[in-house]
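Here the sequence shown stands for residues -22 to -1, 1 to 693, where the numbers follow mature numbering (1 follows the signal peptide of the UniProt record, and there is no 0).
Ideal Cβ positions, reconstructed from N, Cα and C, are used throughout, including at glycine.
All values derive from a computational prediction rather than experimental measurement.
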Amino acid sequence: MMSLVVWCEVLNLMICVGPTSQLPSSSLWSSFDSGYGCADHFYESDTLLHSLQVLKALLEAPAAQDIICDVGMPIMHHNVRYNCRVLFLNRKILLIRPKMLMANSGIYREMRWFTAWDRLRHVEEYFLPRMIQEVTGQDTVPFGDCVLSTKDTCIGTEICAELWSPNSPHIQMGLDGVEIFTNSSASHHELRKADQRVTLVRSATTKSGGIYLYANQRGCDGDRVYYDGCAMVAINGDVVAQGEQFSLNDVEVIPATLDLEDVRTYRGELCQPQMGRELRPCFRVKVDFSLSGSADLYLPTHQPVQWHFHTPEEEISLGPACWLWDYLRRSGQAGFLLPLSGGVDSSSTACIIYCMCVLLCQAVRKGNSQVLEDVRRVVGDESYTPQHPEELCGRIFTTCYMASENSSEGTCSRARELASQIGSTHLNINIDLAVKGILGIFSAVTGRWPQFTAKGGSIRENLALQNVQARLRMVLAYLFAQLSLWTRGKPGGLLVLGSANVDESLTGYFTKYDCSSADINPIGGVSKTDLKSFLLYCAEKFQLTALTGILAAPPTAELEPLTDGQVTQTDEALCPVCARRFCIFSGNWKLLKMDLVSWSLNAIVNNFSTMRMGEGAPRCPSGTEPAGYIMDSWKQWNLISLSQLSVEDSEDVWIFVVLVSGFLLFGLSSYLAYWKINELSRNIGSILELRDGMHHAVNAQTHVTFDESKAWNFG
């Protein structure tokens, strides 16, 4: 925070806005949190104390004079904890504005730690702690829903989620004459989310004019989220200054010079003063200060800019890469270790690490001394300066291919080729000795030796043998992460990377405690579809030709015996839900909140006029019923799958009615007798067979008969 204030002084700015709850990050928690990510540490009195200590240091700082500073911190008022903005100027606190609308959805749990200020236009006295009184000479300051009135304008404050609310405070403040809105945010990175932020900021000033100053956190908070900046300044619906969305810089200042008369002209043209007549006026805290002066009359103002949005592939290459670097430099470890199988998922993780090394080399070339210092500390060489991403990758990134007797030469060569192209330190490990040792222990106790189904074993034996291989890979990954650098005579250990995508996590298609279990998983929030697009992007941008073969190869776990040296086990054949349907199912479950019945009916209705019945619905391989999927879904989410149905031809409309009625009955029975899901799944399969049979009969122009008990027996 002090760096931000110093930069503002250098740029001769008159108002400085920082992200939400940033003061704890400047205290003792700076090594762990970004302030907003303190989580249950907000319960501790120490966190409040350290925030006040940082506030005191800012009030006393010479750089913080003659500039209105808007900072965020937790404050206890009447023994209630609030998430607040503190505005101060020249060693005086002007006002404290508590957050009025809490973020309590998705990953956010603000109501766990803070209370919303729900008293509109109400202001109370806040008694300052003694340490602050000694600096400011004040006993009390205004606390509540208030705005700041200077000699030349009026400034109002929003906090993070209040911008996303349908009843945002800036609406009422704008109608009461507030011309400048500040927003301190802690909005984390999600694919395609930047467009929403820009749209909200633009719309906030398009309807009634005004200037909007948006500040956001940047960096990793030591947890699973990455805050991606995107600071901006907008006026009357136009963005005039844009910050970087992804950057390794800890602090970025976005200056802008604007004309307040542009706001007044814009609002005067709207001519709608009657809209605010019935509103209670904002409580205004007056201050003897001006944001503009006579010498500013001839300063050029910032003009609208075209916002540059990253493609999803670029976001995957930049966001997780920045998050990984922040995590690594805070962890005290010396690099990463990745079990590289030669498939799409682990290759995506490897490419993200390579993108991270590209960003680090670019930052060092641009003179970022903090990045260079961190790189030297991580690699353990005070004289090292990275020149090429491949060179840096070899120092901080170790990949290992863990082969077994069931592994093919194809996956081994693809993993080796990719590791060579990105420059990682690559290891070839054979796990057969460990597998036989584990099975030997089991055999010594039970007197039995399990076999694969290909060799006459049961399904239980087959699954157990696969899981032993997968879970041993996790154990070996952690062993090599701890001791790899020791064998090379280097200090430190490595963080283990996972490679389970979001579709597998939502549907439960993974082995618990295999290589999906790791210290961190950079692709845990990315779908398989986006990962494939990302690999195509990397292959083209970085000339990683190995990715072409990886994308073309069928996905396989290689946990069952080979046939004539060739892979017979593929994810498409084994997965309870077809691989091409993963993204659809996970999206409907998590984004649209659809269960089995609503998703099925929606699929039928939406595709009734867009698909021909002859094409049919994409079918899962034989034997993979929805009930099989449910056997896996308990691992994380209870998502139920169903093949999509579609009808178009007019002579087949009656089939559509039968199917809709059937699904309505199915919905009723599934809610009343959920435990009979296996039987219901078989009935669904019967309907699909019935539909296909009716279609073939219609094509042959023959008479159709069917067993009604088969179609309507829903338990």
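Rounded to the nearest angstrom, the gap between the Cα atoms of R449 and D492 is 4 Å. Per the Cβ contact rule, the segment 268 to 284 is not in contact with the segment 416 to 430 (fewer than 3 Cβ pairs under 8 Å). The residue among L443, R394, W142, P532 with its C-alpha nearest the C-alpha of S165 is W142. Residue environment: G418 is assigned as exposed (fewer than 16 neighbouring CB atoms within 10 Å of its CB, all protein chains considered).
As summarised for the segment 30 to 73, the continuous beta strand (DSSP E) elements at least 3 residues long and confined to that stretch are 46 to 55, 58 to 67, given in chain order. Between the C-alpha atoms of Q223 and C208 there is a straight-line separation of about 5 Å.
Bridge pairing for Y379: N406 [DSSP].
DSSP lists Y192, Q220 as the beta-bridge partner residues of M210. Secondary-structure assignment with DSSP links N161 through a beta bridge to E136, Y192.
Note that the segment 315 to 332 touches the segment 525 to 536; at least 3 beta-carbon pairs, one per stretch, sit closer than 8 Å. In the three-state scheme derived from DSSP, where H, G and I count as helix and E and B as strand, L106 is classed as coil. Taken through DSSP and simplified to helix, strand or coil, L525 comes out as helix.
Short of 6 Å from the beta carbon of S382, and not among the five residues preceding or following it, lie these beta carbons of its own chain, in chain order: I409, D410, Q447. A direct Cα-Cα distance of roughly 9 Å separates N(-11) from I45. Every alpha helix (DSSP H) stretch that sits fully inside the segment 345 to 396 and reaches 4 residues is listed by chain position as 347 to 357, 367 to 374. Bridge pairing for C124: F261 [DSSP]. DSSP places V176 within a helical segment (H, G or I) once states are collapsed to three. Bounds of any beta strand (DSSP E) do not take in L248; it lies within the alpha helix (DSSP H) bounded by 238 to 248. Out of A478, F488, D508, Y487, the CA that lies nearest to the CA of D497 is found in A478. Taking a C-beta distance under 8 Å as the contact criterion, D48 and G(-5) qualify as a contact pair. Taking the C-beta atoms as reference points, I71 is found no nearer than 8 Å to C62. Going by beta carbons, E291 and Y515 fall inside the 8 Å limit. The C-alpha of N445 lies about 7 Å from the C-alpha of T489. Distance from the CA atom of T289 to the CA atom of Q340, rounded to whole angstroms, is 20 Å. In the three-state scheme derived from DSSP, where H, G and I count as helix and E and B as strand, P(-4) is classed as coil. About 5 Å separates the CB atoms of V(-18) and A42; that is less than 8 Å, so the two are in contact.
Scanning Y204, E157, N68 for the CA closest to the CA of E293 turns up Y204.
Between G313 and I374, the C-beta spacing is below 8 Å. Beta-bridge partners assigned by DSSP to P317: C378. In terms of Cα proximity to R451, the closest of L537, P532, T523 is L537.
Inter-segment contact for the segment 354 to 361 and the segment 375 to 394 is absent: fewer than three beta-carbon pairs are separated by less than 8 Å. Between T118 and E157, the C-beta spacing is not below 8 Å.
As computed with DSSP, V119 is found in a beta bridge with Y104.
When DSSP states are grouped into helix, strand and coil, H166 belongs to the strand group. By the Cβ-count criterion, S361 is exposed, with fewer than 16 other Cβ atoms from all chains shown falling within 10 Å of its own Cβ. C-alpha of S(-20) to C-alpha of I407: approximately 47 Å in a straight line.
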